[in-house]
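What follows is a single structure, written as structure tokens, with notes after it.
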Amino acid sequence: MSSRAIRAPVTSARSGAADRQPAAYRCCVVSPEKFPDPQLDTPVPAADGEASAVLAGGCFWCVEAVYKQLDGVRSVTSGYAGGTSETADYDVVSSGRTGHAEAVEVRFDPAKVSYGQLLKVFFSIAHDPTTRDRQGPDVGKQYRSAIFYANDEQRRVAEAYIKQLDAAKVFDAPIVTELKALDRFYEAESYHQDYAERNPNQPYIVYNAAPKVQKVRKYFADRVKVT
Numbered sequence: 474m475s476s477r478a479i480r481a482p483v484t485s486a487r488s489g490a491a492d493r494q495p496a497a498y499r500c501c502v503v504s505p506e507k508f509p510d511p512q513l514d515t516p517v518p519a520a521d522g523e524a525s526a527v528l529a530g531g532c533f534w535c536v537e538a539v540y541k542q543l544d545g546v547r548s549v550t551s552g553y554a555g556g557t558s559e560t561a562d563y564d565v566v567s568s569g570r571t572g573h574a575e576a577v578e579v580r581f582d583p584a585k586v587s588y589g590q591l592l593k594v595f596f597s598i599a600h601d602p603t604t605r606d607r608q609g610p611d612v613g614k615q616y617r618s619a620i621f622y623a624n625d626e627q628r629r630v631a632e633a634y635i636k637q638l639d640a641a642k643v644f645d646a647p648i649v650t651e652l653k654a655l656d657r658f659y660e661a662e663s664y665h666q667d668y669a670e671r672n673p674n675q676p677y678i679v680y681n682a683a684p685k686v687q688k689v690r691k692y693f694a695d696r697v698k699v700t
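Counted from 1, the sequence shown has number 515 at position 42 by the numbering used here; the numbering is strictly sequential.
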């Protein structure tokens, strides 16, 4: 099978039925305008280069679609992080018992977009960091909020931004995002890659991914790619 809409573990969550629409819109209820720029960020390099960020914010279809909009982002790959190679398979990860989270690897030019700016989009657009093991209609450990940092610099920036958001009381509920050192990122099956772009009329995409894409293009208009 090539669509999670017809896979048994997530049939109802991916059905896209009209009665699922309210659940989908519970994510990202805080206006992106309320989010400050990170006070601590990675330094801007003197020349073009490449760095990567691995982020988990629920369904990787949605998170991938958001980050593909940003200028300076070279590629976004859907996959799994937090578990082992033996369980890095969609059918197994869907059990919620593998330690894996659905995640994306964002490869970017830090001279054009910083790690801190990627985190600002992560917390303000890509997902709701206050819901534990759930994003919209999707429930399970594999949908948890997590930042898999590649080095101490990324860890410090992530920790500082979470503290900054807490101090500013941006959210009414506590941020539950897990911070964990990246062991390895495992690329997901080919049919998951570029899913929202290839299936724009799929109901789950219409109700969950498309509104986030619209938001990032509206609130980060100076940072998105020209279409």
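Here a beta-carbon is modelled for each residue, glycine too, at the ideal position from N, C-alpha and C.
>> The alpha helix (DSSP H) that contains residue 628, what's its start and end?
In response: Counted from its first residue, the sequence shown places residue 628 at position 155. Counting along the chain, the alpha helix (DSSP H) containing residue 628 begins and ends at 625 to 641.
>> Buried or exposed for residue 509, going by 16 or more other Cβ atoms inside 10 Å?
In response: As a first step, residue 509 must be located in the sequence shown, where it is residue number 36. Result: exposed.
>> Taking 7 Å as the threshold (C-beta atoms), are residue 537 and residue 577 in contact?
In response: Here residue 577 is taken as the residue at index 104 of the sequence shown, counted from 1. Here residue 537 is taken as the residue at index 64 of the sequence shown, counted from 1. Contact flag set, yes.
> What number of angstroms, rounded off, separates the C-alpha of residue 560 from the C-alpha of residue 620?
Replying inline: Locating residue 560 in the sequence shown gives position 87, where the first residue counts as 1. Locating residue 620 in the sequence shown gives position 147, where the first residue counts as 1. Their backbone Cα atoms lie some 20 Å apart in a straight line.
>> Closest to residue 646 by C-alpha separation, out of 573, 637, 615, 601, would be which residue?
In response: Mapped onto the sequence shown, residue 646 falls at position 173. It is 601.
> Hey, which unbroken runs of the alpha helix (DSSP H) at 4 residues or more fall wholly within the stretch 569 to 598?
Replying inline: Taking only runs of at least 4 residues, the alpha helix (DSSP H) segments lying wholly in the stretch 569 to 598 are 588 to 594.
> Can we say the stretch 572 to 592 touches the stretch 512 to 529, given the rule of at least three CB pairs closer than 8 Å?
Replying inline: yes
> Considering only residues of the same chain and omitting the five flanking positions on each side of residue 549, which have a CB-CB separation below 6 Å?
Replying inline: As a working note, residue 549 is residue 76 in the sequence shown. So the qualifying residues of the chain are 537, 540, 541, 577, 579.
> Roughly how many angstroms separate the alpha carbons of residue 511 and residue 534, rounded to a whole number?
Replying inline: Taking the sequence shown and counting its residues from 1, one reaches residue 511 at position 38. Taking the sequence shown and counting its residues from 1, one reaches residue 534 at position 61. C-alpha separation (whole angstroms): 26 Å.
>> Strictly by DSSP, which residues pair up with residue 620?
In response: Looking up residue 620 in the sequence shown gives position 147. Note: residue 620 sits in a beta bridge opposite 528, 652.
> Can you pull the DSSP bridge partners for residue 611?
Replying inline: Taking the first residue of the sequence shown as position 1, residue 611 is located at position 138. Residue 611 pairs with 608.
>> Tell me the residue span of the alpha helix (DSSP H) that contains residue 664.
In response: For the purposes of this step, residue 664 is identified with residue 191 of the sequence shown, where counting begins at 1. First-last for residue 664: undefined, no H or E at that position.
>> Considering only DSSP beta bridges, list what residue 548 is partnered with.
In response: Residue mapping note: residue 548 aligns to position 75 of the sequence shown, counting from 1. When DSSP reads this structure, residue 548 sits in a beta bridge with 580.
>> Measuring CB atoms only, is the stretch 633 to 652 touching the stretch 660 to 667, in the sense that at least three cross pairs come out at less than 8 Å?
In response: no
> Quick one: what's got a C-beta closer than 7 Å to residue 649's C-beta in the same chain, skipping five residues either side?
Replying inline: Numbered from its first residue, the sequence shown carries residue 649 at position 176. Answer for residue 649: 602, 603, 605, 618, listed in chain order.
>> Any beta carbon of chain D sitting closer than 7 Å to that of residue 683?
In response: Protein chain content of the structure displayed is limited to a single chain, and chain D is not contained in it.
> Helix, strand or coil: which one does DSSP assign to residue 644?
Replying inline: Working through the sequence shown from its first residue, we reach residue 644 at position 171. DSSP, reduced to helix, strand and coil, places residue 644 outside both helices and strands of the structure shown, so it counts as coil.
> Alpha carbon to alpha carbon, how far is residue 682 from residue 516?
Replying inline: In the sequence shown, residue 682 corresponds to position 209, counting from 1. In the sequence shown, residue 516 corresponds to position 43, counting from 1. Approximately 31 Å, taken between the alpha carbons.
>> Could you compute how far the alpha carbon of residue 519 sits from the alpha carbon of residue 672?
In response: Residue numbering aside, residue 519 sits at position 46 when the sequence shown is read from its first letter. Residue numbering aside, residue 672 sits at position 199 when the sequence shown is read from its first letter. Distance between the alpha carbons of residue 519 and residue 672 is about 39 Å.
>> Taking the alpha-carbon of residue 504 as reference, which of 675, 609, 598, 545 has the nearest alpha-carbon?
In response: Against the sequence shown, residue 504 aligns to sequence position 31. Among 675, 609, 598, 545, the Cα nearest to that of residue 504 belongs to 598.
> Do you know how far the Cα of residue 651 is from the Cα of residue 569?
Replying inline: Taking the first residue of the sequence shown as position 1, residue 569 is located at position 96. Taking the first residue of the sequence shown as position 1, residue 651 is located at position 178. In a straight line, the C-alpha of residue 569 is about 16 Å away from that of residue 651.
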